[in-house]
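Novice:
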Amino acid sequence: MIREWFDIPGWEGYYQASIYGQIRSMERFHKTRNRWGPIVRKRTSQIMSQCEGREGYFLVRLCRDGKPKMCAVARLVLAACNRPPESGEEACHINHNHQDNRIHNLEWGTRLHNEQQKTLAGRRRGPPRKHHD
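Counted from 1, the sequence shown has number 172 at position 82 by our numbering; the numbering is strictly sequential.
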């Protein structure tokens, strides 16, 4: 049987990523207040909705301790199902479809590698970005 869900590094106990490119929240209890005082509420596990960012990549809003953070789905899937990124690594889409966040379509690579792959695939718009080696 294939394991489909993996804890996201840094978000253990809060969120998991699937090999199919989905992010889900974990079932947990959290403290809050109502007009009668402090209470504890149960949050059920659910698939998170994703939104399309400016460049067409899918983003998801994760929240811990009341602080929201927008995160790239490709980076979360790679970090959870493969390994966390090393310094300077980007999530690269192998088939050049940046909305396909399944694990078999993702790999870690440098900015230079990612830009070269975009150029070869004809996806580069405008002048190439400057690279810092």
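For each residue, glycine too, the CB sits at the ideal point set by N, CA and C.
Which residue from Gly-103, Arg-144 and Ile-184 puts its Cα closest to that of Cys-153?
Specialist: Nearest C-alpha to Cys-153: Gly-103.
Novice: Buried or exposed, going by whether 16 or more other CB atoms sit within 10 Å of the CB of Tyr-110?
Specialist: Result: exposed.
Novice: Tell me the rounded alpha-carbon separation between His-203 and Ala-107.
Specialist: Their backbone Cα atoms lie some 25 Å apart in a straight line.
Novice: Closest to Arg-165 by C-alpha separation, out of Gln-207, Gln-136, Glu-142 and Asn-191, would be which residue?
Specialist: Arg-165 has its Cα closest to that of Asn-191, out of Gln-207, Gln-136, Glu-142 and Asn-191.
Novice: In whole angstroms, what separates the C-alpha of Thr-122 from that of Ile-129?
Specialist: Cα-Cα distance, rounded: 5 Å.
Novice: Please classify Gln-189: does DSSP put it in a helix, a strand, or coil?
Specialist: Gln-189: coil per DSSP, three-state reduction.
Novice: What are the boundary residues of the beta strand (DSSP E) that Arg-124 is part of?
Specialist: Sequence check: residue 124 is Asn here, not Arg. Segment 118 to 124, the beta strand (DSSP E) holding Asn-124.
Novice: Could you compute how far the alpha carbon of Trp-126 sits from the alpha carbon of Gln-136?
Specialist: Taking the straight line joining both Cα atoms gives about 28 Å.
Novice: Could you spell out where the beta strand (DSSP E) holding Thr-200 opens and where it closes?
Specialist: Note, Thr-200: beta strand (DSSP E), 196 to 200.
Novice: Nearest-angstrom Cα distance between Gln-206 and Glu-142?
Specialist: About 24 Å.
Novice: Does the beta-carbon distance from Phe-148 to Gln-189 come in below 8 Å?
Specialist: Against a cut-off of 8 Å, the Cβ pair of Gln-189 and Phe-148 comes out as a contact.
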